[in-house]
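Asks:
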Amino acid sequence: MKLHGYFRSSASFRVRIALNLKGVAYEDIPHHLVKGEQRAPDYLTVNPQGLVPALEAEGAVLTQSLAICEYLDERYPDPPLLPGDAIARAQVRAFAQVIACDIHPVQNLRVLKRVKALSDTGTAHLWARETIEEGLASCAELIAAQPGPYCFGAAVTLADIFLIPQLFNARRFDAAIPDRLLEAERACLTLDAFQRALPQNQPDAE
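Quick note: the sequence shown uses the UniProt record's numbering, first residue 1, plus one each step.
Below, the structure written as C-alpha coordinates:
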(Lines of atoms letter the chains of each structure in order from A; the text may use other names.)
(Lines give C-alpha, C1' and ligand atoms only; values in the text may rest on other atoms or scores of the structure.)
Protein backbone atom coordinates (compact mmCIF):
# COMPACT_ATOMS: atom_id res chain seq x y z
CA MET A 1 0.00 0.00 0.00
CA LYS A 2 1.35 3.42 -0.98
CA LEU A 3 0.26 6.76 0.43
CA HIS A 4 0.97 9.84 -1.64
CA GLY A 5 0.89 12.86 0.64
CA TYR A 6 2.67 15.82 2.17
CA PHE A 7 3.67 16.17 5.80
CA ARG A 8 1.73 19.40 6.31
CA SER A 9 -1.38 18.35 4.38
CA SER A 10 -4.21 17.91 6.87
CA ALA A 11 -6.03 15.59 4.47
CA SER A 12 -2.95 13.34 4.31
CA PHE A 13 -2.66 13.61 8.10
CA ARG A 14 -6.19 12.15 8.44
CA VAL A 15 -5.30 9.14 6.32
CA ARG A 16 -2.05 8.55 8.22
CA ILE A 17 -4.02 8.42 11.48
CA ALA A 18 -6.53 5.96 10.02
CA LEU A 19 -3.78 3.71 8.66
CA ASN A 20 -2.01 3.75 12.01
CA LEU A 21 -5.18 2.99 13.95
CA LYS A 22 -5.85 0.04 11.67
CA GLY A 23 -2.27 -1.19 11.96
CA VAL A 24 -1.83 -1.13 8.19
CA ALA A 25 1.73 -0.81 6.91
CA TYR A 26 2.25 1.59 4.02
CA GLU A 27 4.93 3.23 1.95
CA ASP A 28 5.00 7.00 2.30
CA ILE A 29 5.54 8.88 -0.97
CA PRO A 30 5.81 12.64 -0.32
CA HIS A 31 4.99 15.37 -2.81
CA HIS A 32 6.03 18.89 -1.81
CA LEU A 33 2.93 20.99 -2.38
CA VAL A 34 4.61 24.38 -2.05
CA LYS A 35 7.15 23.38 -4.71
CA GLY A 36 4.34 22.13 -6.95
CA GLU A 37 5.47 18.51 -7.06
CA GLN A 38 1.82 17.38 -7.06
CA ARG A 39 1.53 18.77 -10.59
CA ALA A 40 4.41 16.71 -11.97
CA PRO A 41 3.35 14.59 -14.98
CA ASP A 42 4.25 11.31 -13.27
CA TYR A 43 2.02 12.12 -10.29
CA LEU A 44 -0.83 13.27 -12.51
CA THR A 45 -0.92 9.74 -13.92
CA VAL A 46 -1.63 8.60 -10.35
CA ASN A 47 -4.14 11.31 -9.47
CA PRO A 48 -5.26 13.51 -12.37
CA GLN A 49 -6.54 16.11 -9.88
CA GLY A 50 -2.99 16.76 -8.75
CA LEU A 51 -4.03 16.63 -5.10
CA VAL A 52 -3.01 14.65 -2.02
CA PRO A 53 -3.70 12.26 -0.49
CA ALA A 54 -3.93 9.38 -2.92
CA LEU A 55 -3.76 5.80 -1.71
CA GLU A 56 -2.63 2.98 -3.96
CA ALA A 57 -4.34 -0.15 -2.69
CA GLU A 58 -5.34 -3.48 -4.20
CA GLY A 59 -4.54 -2.35 -7.73
CA ALA A 60 -6.60 0.84 -7.46
CA VAL A 61 -5.93 4.48 -6.66
CA LEU A 62 -8.22 6.02 -4.06
CA THR A 63 -8.54 9.76 -3.53
CA GLN A 64 -10.32 12.10 -1.10
CA SER A 65 -9.50 11.53 2.56
CA LEU A 66 -13.03 10.71 3.71
CA ALA A 67 -13.46 8.08 1.01
CA ILE A 68 -10.06 6.60 1.83
CA CYS A 69 -10.83 6.45 5.56
CA GLU A 70 -14.16 4.76 4.91
CA TYR A 71 -12.48 2.26 2.58
CA LEU A 72 -9.96 1.44 5.31
CA ASP A 73 -12.78 1.02 7.82
CA GLU A 74 -14.61 -1.41 5.55
CA ARG A 75 -11.49 -3.30 4.51
CA TYR A 76 -10.01 -3.47 8.03
CA PRO A 77 -13.01 -3.37 10.37
CA ASP A 78 -11.11 -3.55 13.67
CA PRO A 79 -11.06 -1.13 15.39
CA PRO A 80 -14.16 0.46 13.85
CA LEU A 81 -14.07 4.16 12.99
CA LEU A 82 -17.85 4.52 13.00
CA PRO A 83 -20.37 3.66 15.75
CA GLY A 84 -22.76 0.74 15.37
CA ASP A 85 -25.89 2.87 15.65
CA ALA A 86 -27.19 4.46 12.43
CA ILE A 87 -27.95 7.83 14.02
CA ALA A 88 -24.54 7.96 15.70
CA ARG A 89 -22.83 7.06 12.41
CA ALA A 90 -24.64 9.92 10.68
CA GLN A 91 -23.59 12.32 13.45
CA VAL A 92 -19.95 11.30 13.20
CA ARG A 93 -20.00 11.65 9.41
CA ALA A 94 -21.63 15.07 9.71
CA PHE A 95 -18.91 16.24 12.10
CA ALA A 96 -16.19 15.01 9.74
CA GLN A 97 -17.86 16.72 6.79
CA VAL A 98 -18.11 20.05 8.60
CA ILE A 99 -14.32 19.94 8.74
CA ALA A 100 -13.73 18.49 5.27
CA CYS A 101 -16.32 20.55 3.39
CA ASP A 102 -16.90 23.75 5.36
CA ILE A 103 -13.65 24.54 7.19
CA HIS A 104 -10.83 22.92 5.26
CA PRO A 105 -11.36 24.54 1.83
CA VAL A 106 -10.60 28.07 3.08
CA GLN A 107 -7.15 27.04 4.30
CA ASN A 108 -6.36 25.01 1.20
CA LEU A 109 -3.12 26.15 -0.41
CA ARG A 110 -4.75 26.67 -3.82
CA VAL A 111 -7.61 28.71 -2.35
CA LEU A 112 -5.36 30.87 -0.19
CA LYS A 113 -3.07 31.62 -3.12
CA ARG A 114 -6.06 32.80 -5.13
CA VAL A 115 -7.45 34.94 -2.30
CA LYS A 116 -4.03 36.52 -1.76
CA ALA A 117 -3.82 37.30 -5.46
CA LEU A 118 -7.20 39.03 -5.32
CA SER A 119 -6.55 40.94 -2.09
CA ASP A 120 -3.51 40.69 0.19
CA THR A 121 -1.90 38.25 2.58
CA GLY A 122 -3.38 39.88 5.69
CA THR A 123 -6.92 39.74 4.34
CA ALA A 124 -6.55 36.11 3.32
CA HIS A 125 -5.19 35.17 6.74
CA LEU A 126 -8.00 36.98 8.57
CA TRP A 127 -10.66 35.44 6.34
CA ALA A 128 -9.29 31.95 6.91
CA ARG A 129 -9.01 32.45 10.67
CA GLU A 130 -12.58 33.74 11.02
CA THR A 131 -13.97 30.88 8.95
CA ILE A 132 -11.99 28.31 10.92
CA GLU A 133 -13.19 29.76 14.23
CA GLU A 134 -16.82 29.71 13.09
CA GLY A 135 -16.49 26.12 11.94
CA LEU A 136 -14.78 24.95 15.11
CA ALA A 137 -17.44 26.63 17.24
CA SER A 138 -20.05 24.66 15.30
CA CYS A 139 -18.09 21.45 15.82
CA ALA A 140 -17.95 22.07 19.55
CA GLU A 141 -21.72 22.55 19.62
CA LEU A 142 -22.25 19.32 17.70
CA ILE A 143 -20.52 17.31 20.43
CA ALA A 144 -21.40 19.42 23.47
CA ALA A 145 -23.75 16.75 24.80
CA GLN A 146 -21.46 13.84 23.93
CA PRO A 147 -19.40 12.21 26.69
CA GLY A 148 -15.63 12.35 26.40
CA PRO A 149 -12.85 11.85 26.28
CA TYR A 150 -13.04 11.68 22.46
CA CYS A 151 -15.47 13.54 20.24
CA PHE A 152 -18.16 10.90 20.48
CA GLY A 153 -17.47 9.10 23.72
CA ALA A 154 -14.98 6.47 24.78
CA ALA A 155 -13.84 5.34 21.31
CA VAL A 156 -11.96 7.10 18.54
CA THR A 157 -14.07 7.75 15.44
CA LEU A 158 -13.75 9.49 12.10
CA ALA A 159 -14.63 12.67 13.96
CA ASP A 160 -11.37 12.56 15.91
CA ILE A 161 -9.39 11.60 12.82
CA PHE A 162 -10.66 14.75 11.10
CA LEU A 163 -10.49 17.01 14.15
CA ILE A 164 -6.84 16.64 15.10
CA PRO A 165 -5.37 17.72 11.73
CA GLN A 166 -7.82 20.62 11.65
CA LEU A 167 -6.63 21.86 15.05
CA PHE A 168 -3.06 21.67 13.76
CA ASN A 169 -4.09 23.99 10.92
CA ALA A 170 -6.14 26.23 13.22
CA ARG A 171 -3.01 27.08 15.19
CA ARG A 172 -1.23 28.11 12.00
CA PHE A 173 -3.89 30.81 11.66
CA ASP A 174 -3.95 31.72 15.37
CA ALA A 175 -7.57 30.60 15.55
CA ALA A 176 -9.35 30.19 18.89
CA ILE A 177 -10.15 26.57 19.77
CA PRO A 178 -13.13 25.64 21.99
CA ASP A 179 -12.36 23.75 25.20
CA ARG A 180 -14.44 20.70 24.23
CA LEU A 181 -12.31 20.20 21.14
CA LEU A 182 -9.12 20.63 23.16
CA GLU A 183 -10.37 17.90 25.50
CA ALA A 184 -10.73 15.51 22.59
CA GLU A 185 -7.33 16.52 21.25
CA ARG A 186 -5.62 15.78 24.57
CA ALA A 187 -7.14 12.30 24.61
CA CYS A 188 -6.19 11.57 21.00
CA LEU A 189 -2.60 12.69 21.40
CA THR A 190 -2.01 10.09 24.10
CA LEU A 191 -2.40 7.46 21.37
CA ASP A 192 0.56 6.22 19.35
CA ALA A 193 -1.48 6.19 16.12
CA PHE A 194 -1.94 9.96 16.35
CA GLN A 195 1.61 10.68 17.50
CA ARG A 196 3.15 8.77 14.59
CA ALA A 197 0.92 10.66 12.17
CA LEU A 198 1.94 14.15 13.35
CA PRO A 199 3.44 16.33 10.62
CA GLN A 200 6.72 16.81 12.48
CA ASN A 201 7.17 13.04 12.65
CA GLN A 202 7.02 12.50 8.88
CA PRO A 203 10.07 11.73 6.72
CA ASP A 204 9.52 14.86 4.61
CA ALA A 205 8.99 17.22 7.58
CA GLU A 206 10.88 20.49 7.38
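Note that CB positions come from ideal geometry on N, CA and C, so glycine has one too.
Tell me, please, which residues DSSP counts as bridged to Y150.
Replies: G153
Asks: Where does H31 land, buried or exposed, given buried means 16+ other C-beta within 10 angstroms?
Replies: buried
Asks: Once the 5 residues before and after R186 are set aside, which same chain residues still bring their CB inside 8 Å of it?
Replies: Its chain contains P149 as the residues whose beta carbon lies nearer than 8 Å to that of R186, once the 5 sequence neighbours on both sides are disregarded; these appear in chain order.
Asks: Candidates L72, K2, L3 and F7: which alpha carbon is nearest N201's?
Replies: F7
Asks: Count the other CB atoms within 10 Å of the CB of C69; is the residue buried (16 or more) or exposed (fewer)?
Replies: With 16 or more Cβ atoms within 10 Å of its Cβ, C69 is classed as buried.
Asks: To which residues of the same chain is A205 closer than 7 Å at the C-beta, ignoring the five residues directly before and after it?
Replies: F7 and P199
Asks: Decide yes or no for the touch test of the segment 135–147 against the segment 172–192: beta carbon pairs closer than 8 Å, at least 3 of them.
Replies: In this structure the segment 135–147 touches the segment 172–192; the number of beta carbon pairs closer than 8 Å is three or more.
Asks: From this set, A67, C188 and R110, which residue's C-alpha is nearest K35's C-alpha?
Replies: R110
Asks: Residues bridged to E56 by DSSP?
Replies: For E56, which the question treats as bridged, DSSP gives the partners K2 and V61.
Asks: Can you round the beta-carbon distance between I164 and C188 to whole angstroms, since I take them to be within the 8 Å contact cut?
Replies: 5 Å
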